[in-house]
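Visitor: Chains as they are written, first to last, in this note's numbering: chain A, 1 to 111; chain B, 1 to 111.
Where a beta carbon is used, it is the ideal one built from N, C-alpha and C, also for glycine.
Protein chains: 2
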Amino acid sequence: MVDYLTNWKAQIRRGYLELCILMLIQKYERIYGFDLLEKLKEIDLEMKEGTLYPLLNRMTTDKVLKAVWETENVKGHPRKFYSLTKEGIKLLHEMKNEYIRMNDIFEKIAK
Amino acid sequence: MVDYLTNWKAQIRRGYLELCILMLIQKYERIYGFDLLEKLKEIDLEMKEGTLYPLLNRMTTDKVLKAVWETENVKGHPRKFYSLTKEGIKLLHEMKNEYIRMNDIFEKIAK
DNA sequence: GTAATATACCTAGCGGTGCTATGTATATTG
DNA sequence: CAATATACATAGCACCGCTAGGTATATTAC
């Protein structure tokens with residue numbers, strides 16, 4: 001068993017990571033997983049491969065994202081590019097609203 | 001299976017609820033579960049009994065909270081009052097720091 | 001007097017996700 | 001040709017929010 005704080009940090013990331021990923025994909029319009037991992041590291045939001053790839057696959061299955069393999073003009077391993085579906089854009093909008101609502105409550109309690 | 005957004009809302013509440021509960025207990029110094037449920041409702045952060053009570057018990061077991069039964073001067077069912085332990089105060093401090101760090105990242109992506 | 005309501009706490013079990021650990025494949029560099 | 005960098009994938013564990021029930025005491029309604 002890991003310590004209390006470490007476990008809590010894993011819990012609070014639930015849902016939050018998904019929100020951040022969707023916002024980043026919207027920002028870049030289209031991006032592949034490995035690149036996303038680097039962008040996440042740059043903004044101090046490190047994420048494990050074993051967390052990101054299953055998340056991206058799940059969101060694709062659920063039609064929140066659409067995925068396109070890119071093999072041409074690419075040296076090395078082929079890349080899978082993700083972008084938001086129309087449904088994903090709508091979902092992200094509602095998720096952001098809920099996040100902001102929750103943060104407002106946090107700040108109301110904190111002050 | 002519930003819809004995507006409903007499930008996501010349950011996920012993003014993980015850890016966040018624990019943080020809010022600890023902040024509220026600190027604010028009121030000592031409070032019992034049922035009262036906490038009402039205070040949560042007042043600030044539009046409704047929580048189910050089946051979520052709150054196991055959470056309070058877990059945090060008590062983990063020495064984050066201390067619990068005291070109060071039977072005197074109380075009509076009806078006895079009440080269990082909770083307050084933060086020294087360890088709980090320290091933990092809450094670190095949890096708030098992490099939450100704020102995460103919210104900063106959210107805002108950096110959002111703008 | 002007893003049925004209904006309000007107050008107050010509790011628990012078994014389900015479902016979903018972040019992480020660990022490991023695996024696969026291609027191209028470049030030493 | 002071994003090592004490294006790039007790139008994606010998955011099985012399984014641990015944990016927590018919620019559902020759906022339950023117990024117990026005191027007051028109010030009829």
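In the DSSP assignment, what are the bridge partners of B:L55?
Guide: If you number the second sequence from 1, residue 55 of chain B lands on position 55. Bridge partners of B:L55: none, in fact.
Visitor: Can you find a C-beta in chain B that's less than 7 Å from the C-beta of A:W8?
Guide: If you number the first sequence from 1, residue 8 of chain A lands on position 8. Yes, A:W8 lies at the interface with chain B (some Cβ there is under 7 Å from its Cβ).
Visitor: Determine whether the Cβ of A:Q11 lies closer than 7 Å to any Cβ atom of chain B.
Guide: Within the first sequence, numbered from 1, the residue matching residue 11 of chain A stands at position 11. By this cut-off, A:Q11 is an interface position.
Visitor: In whole angstroms, what separates the C-alpha of B:E94 from that of A:C20?
Guide: For this step, residue 94 of chain B is matched to residue 94 along the second sequence. For this step, residue 20 of chain A is matched to residue 20 along the first sequence. In a straight line, the C-alpha of B:E94 is about 22 Å away from that of A:C20.
Visitor: For A:K63, which residues from the same chain have a beta carbon less than 8 Å from its beta carbon, with the 5 sequence-adjacent residues on both sides left out?
Guide: As a working mapping, residue 63 of chain A is identified with position 63 in the first sequence. Closer than 8 Å at the Cβ level, and outside the excluded window around A:K63, lie T85, E87 and G88.
Visitor: Determine which residues share a DSSP beta bridge with A:V68 and list them.
Guide: Within the first sequence, residue 68 of chain A is the residue found at index 68, counting from 1. In DSSP, A:V68 forms a bridge with A:F81.
Visitor: Pick from B:E18, B:W69 and B:D44: whose alpha carbon is nearest that of A:E98?
Guide: Translated into the one-based positions of the first sequence, residue 98 of chain A becomes position 98. Closest option to A:E98, Cα to Cα, is B:D44.
Visitor: From A:L17 to B:E107, what distance separates their C-alpha atoms?
Guide: For the purposes of this step, residue 17 of chain A is identified with residue 17 of the first sequence, where counting begins at 1. For the purposes of this step, residue 107 of chain B is identified with residue 107 of the second sequence, where counting begins at 1. About 13 Å.
Visitor: For B:E46, which residues from the same chain have a beta carbon less than 8 Å from its beta carbon, with the 5 sequence-adjacent residues on both sides left out?
Guide: Here residue 46 of chain B corresponds to residue number 46 of the second sequence, with the count starting at 1. Once the five neighbours on either side are set aside, the close Cβ partners of B:E46 are L40.
Visitor: So with CB distances below 7 Å, who are the chain A contacts of B:M47?
Guide: Indexing the second sequence from 1 puts residue 47 of chain B at position 47. In chain order: nothing, as chain A lies at least about 12 Å away.
Visitor: What residues match up with B:I31 in a beta bridge as DSSP calls it?
Guide: One-based indexing of the second sequence puts residue 31 of chain B at position 31. DSSP, once it has assigned bridges, lists B:Y82 as partnering B:I31.
Visitor: Which residues in chain B have a C-beta closer than 8 Å to the C-beta of A:F81? List them in chain order.
Guide: Within the first sequence, numbered from 1, the residue matching residue 81 of chain A stands at position 81. Those do not exist, as A:F81 stays about 19 Å from chain B at its closest Cβ, beyond 8 Å.
Visitor: Would the beta-carbon of A:G15 fall within 7 Å of that of B:I105?
Guide: Looking up residue 15 of chain A in the first sequence gives position 15. Looking up residue 105 of chain B in the second sequence gives position 105. No, Cβ-Cβ distance for A:G15 and B:I105 is not below 7 Å.
Visitor: Tell me the DSSP secondary structure of B:I25 in three-state form.
Guide: Counting from 1 along the second sequence, the entry for residue 25 of chain B is found at position 25. Three-state DSSP puts B:I25 in a helix.
Visitor: Within 10 Å of its beta-carbon, does A:W69 have 16 or more other beta-carbons around it, so buried, or fewer, so exposed?
Guide: Translated into the one-based positions of the first sequence, residue 69 of chain A becomes position 69. So A:W69 ends up on the exposed side.
Visitor: I believe B:M23 touches A:A110 by the beta-carbon criterion, under 8 Å. Please report the beta-carbon distance rounded to the nearest angstrom.
Guide: Within the second sequence, the letter at position 23 stands for residue 23 of chain B. Within the first sequence, the letter at position 110 stands for residue 110 of chain A. Yes, B:M23 and A:A110 are in contact; Cβ-Cβ is about 6 Å, under 8 Å.
Visitor: Just to check my reading of the structure: B:I25 and B:L65 have Cβ atoms closer than 8 Å, yes? What is that Cβ distance to the nearest angstrom?
Guide: On the second sequence, position 25 is the one that residue 25 of chain B refers to. On the second sequence, position 65 is the one that residue 65 of chain B refers to. At roughly 7 Å, the Cβ-Cβ gap stays under 8 Å, so B:I25 and B:L65 are in contact.
Visitor: B:E46 by DSSP, collapsed to three states: which one?
Guide: Position 46 of the second sequence holds residue 46 of chain B. Coil at B:E46, not helix or strand.
Visitor: Evaluate A:L5 with the Cβ neighbour count: other Cβ atoms within 10 Å of its Cβ, from every protein chain shown; 16 or more gives buried, anything less gives exposed.
Guide: Working through the first sequence from its first residue, we reach residue 5 of chain A at position 5. Its Cβ having fewer than 16 others within 10 Å, A:L5 is exposed.
Visitor: What three-state label does DSSP hand B:G88 in the structure shown?
Guide: In the second sequence, counting from the first residue as 1, residue 88 of chain B sits at position 88. It is helical.
Visitor: Considering only the alpha carbon of each residue, which of A:K9, A:T61 and A:K96 lies closest to A:Y82?
Guide: Residue numbering aside, residue 82 of chain A sits at position 82 when the first sequence is read from its first letter. Nearest option by C-alpha distance: A:T61.
Visitor: Between A:L56 and A:P78, what straight-line distance do the alpha-carbon atoms span, to the nearest angstrom?
Guide: Position 56 of the first sequence, counted from the start, is the residue given in the question as residue 56 of chain A. Position 78 of the first sequence, counted from the start, is the residue given in the question as residue 78 of chain A. Whole-angstrom Cα-Cα distance: 16 Å.
Visitor: Taking only beta-carbon positions, decide if B:L56 is within less than 7 Å of chain A.
Guide: Taking the second sequence and counting its residues from 1, one reaches residue 56 of chain B at position 56. Not an interface residue.
Visitor: Just how far apart, CA to CA, sit B:L91 and B:F34?
Guide: As a working mapping, residue 91 of chain B is identified with position 91 in the second sequence. As a working mapping, residue 34 of chain B is identified with position 34 in the second sequence. The alpha-carbon atoms of B:L91 and B:F34 are separated by roughly 24 Å.
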